[in-house]
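Residue numbers (the numbering used here), protein chains in the order written: chain W, 1 to 168; chain V, 1001 to 1168.
Quick reminder that beta carbons are idealized off the backbone N, C-alpha and C, glycines included.
Because the structure is a prediction, the values reported are computed rather than measured.
Protein chains: 2
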Amino acid sequence: MATTRIIDDDRLTAVGLLVEVHRGLTNKFAARLGRHGLSENELEILLRLGRTPNCQLRMSDLAAQTSLTTSGVTRVVDRLERAGLVVRASCDTDRRGTWAVLTDTGLERVTAAVADHIEDVDRWYTGLLTPEQLEALTEALRIVRDTVRPEAVAGVAEAARARPHVDA
Amino acid sequence: MATTRIIDDDRLTAVGLLVEVHRGLTNKFAARLGRHGLSENELEILLRLGRTPNCQLRMSDLAAQTSLTTSGVTRVVDRLERAGLVVRASCDTDRRGTWAVLTDTGLERVTAAVADHIEDVDRWYTGLLTPEQLEALTEALRIVRDTVRPEAVAGVAEAARARPHVDA
DNA sequence: TAACAATGGTTGACGGCGCAAAATATTGAA
DNA sequence: TTCAATATTTTGCGCCGTCAACCATTGTTA
């Protein structure tokens, strides 16, 4: 008879599967994103900005949404700003704060990148599953997400109201 | 009427969800793993070794299984060897090759770490879903995994046969 | 057997990100 | 008003993993 070792526990292989899929997809996506001059994190930040009413979000909100550190966000936005895809704007109501604002070229760039990217997503992920499978997958993931990262919807409300004030 | 923008495409949010879950879980797990002195990658390598018949795998096989670079594997194994959890052994049949062999303390360590780790996994992942949901999730992930990383089962067969030859 | 591509592994340079401390701005209390 | 406590962002430092170059070994072709 086979002894059941703890390192063979099903739950362990279940997370393992998730990790493998994540890495696999990341690798598949990297090439094409690279051709657009974007990393996964950069794309995500641009996306979050693009989805926000005024195309702007505060640094700390970006950090909360992406589960990068605030310092991580600083660096990513540094790069994006150097590339002309984002501008920093000071926040009138709280001079400690900084808006990251998507530029027009930033919006163009992310739109173009996404158009290609979606092909990959479809090819390596959503397109592999039946609608029912995809629905079940998404539903399950949503449940996990909501308990593991409840804070992931920060700052959208204020950003809609605020007027950016781009310096320089 | 609302115009549908490409950056709001459902498929995009579907991958987004996967990424969020992965990051969220990674963060939740990191603390406890850290207390055992292990990172996620280190744990994974120890696990793969522990699951192999002779507790050994070649560097290149580890790389294939983990989707780390071979150089990445080199560094991780460096650390694990420094910590006494793994030993390198030369491969008799191909003197280019190197076995990474799990030591006894390595096996103890990974067993202890996993015992704790599974609690977290259960609490933040598998335990959140009904058996049916978990089954559906796993099945869907397996489909994606099989097309995205078909090479993920390398080297187990030879390792079972081989005799390690630990130097020094 | 010599020459050469292919394979396995390590190393040096480099970039990305987290952590903790610093710099700046805001709020509250005495 | 002034000072302490708190909030927002940036910076210094270090770890980790990739990329490309490298050495050693193996297999192949002539």
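Asked: Within the continuous beta strand (DSSP E) that includes V:T1126, where are the two ends?; Found: Note, V:T1126: premise wrong, no beta strand (DSSP E); not H, not E.
Asked: Taking V:L1057 and V:V1110 to be in contact with their CB atoms under 8 Å, please state how far apart those CB atoms are, rounded to whole angstroms.; Found: No, V:L1057 and V:V1110 are not in contact; Cβ-Cβ is about 14 Å, not under 8 Å.
Asked: Give every residue of the same chain whose Cβ lies closer than 6 Å to the Cβ of W:P164, excluding the five residues on either side of it in the sequence, and list them in chain order.; Found: Only weak support exists for where W:P164 lies, its pLDDT of 48 falling under 50; the value from the coordinates is given anyway. Excluding residues within five positions, the ones whose Cβ falls inside 6 Å are Q56, A89, W99, V101.
Asked: Look at the alpha carbon of V:D1167 and the alpha carbon of V:T1066, and state the distance between them as a whole number of angstroms.; Found: Legend: pLDDT at V:D1167 = 44, less than 50; position of this residue unreliable, value from coordinates given subsequently. Each residue's Cα considered, the two are about 26 Å apart.
Asked: By how many angstroms is the C-alpha of V:T1093 removed from the C-alpha of V:E1020?; Found: 44 Å
Asked: Taking a contact to mean a Cβ-Cβ separation below 9 Å, would you say W:E40 touches W:F29 in this structure?; Found: yes
Asked: May I ask you to report which of helix, strand or coil DSSP gives V:R1088?; Found: strand
Asked: Could you tell me the alpha carbon to alpha carbon distance between W:R149 and W:A140, rounded to whole angstroms?; Found: 14 Å
Asked: Tell whether a beta-carbon distance below 9 Å holds between W:R32 and W:H117.; Found: yes
Asked: Starting from the C-beta of V:L1077, find all residues in its chain whose C-beta is less than 8 Å away, skip the five residues before and the five after it, and write them out in chain order.; Found: According to the sequence as given, residue 1077 of chain V is Val; it is not Leu. For V:V1077, where only same-chain residues beyond five positions count, the Cβ hits under 8 Å are I1045, M1059, L1062, V1086, R1088, A1100.
Asked: At 8 Å on the CB atoms, spell out the chain W contacts of V:T1147, in chain order.; Found: W124, L128
Asked: What residues in the stretch 1081-1112 of chain V bring their beta carbon closer than 8 Å to a beta carbon of chain W?; Found: V1110, T1111
Asked: Give the secondary structure of W:R58 by DSSP, where H, G and I count as helix, E and B as strand, and everything else as coil.; Found: strand
Asked: Is V:T1098 helix, strand or coil by DSSP?; Found: strand
Asked: Shorter than 9 Å from the beta carbon of V:H1022 to some beta carbon of chain W?; Found: yes
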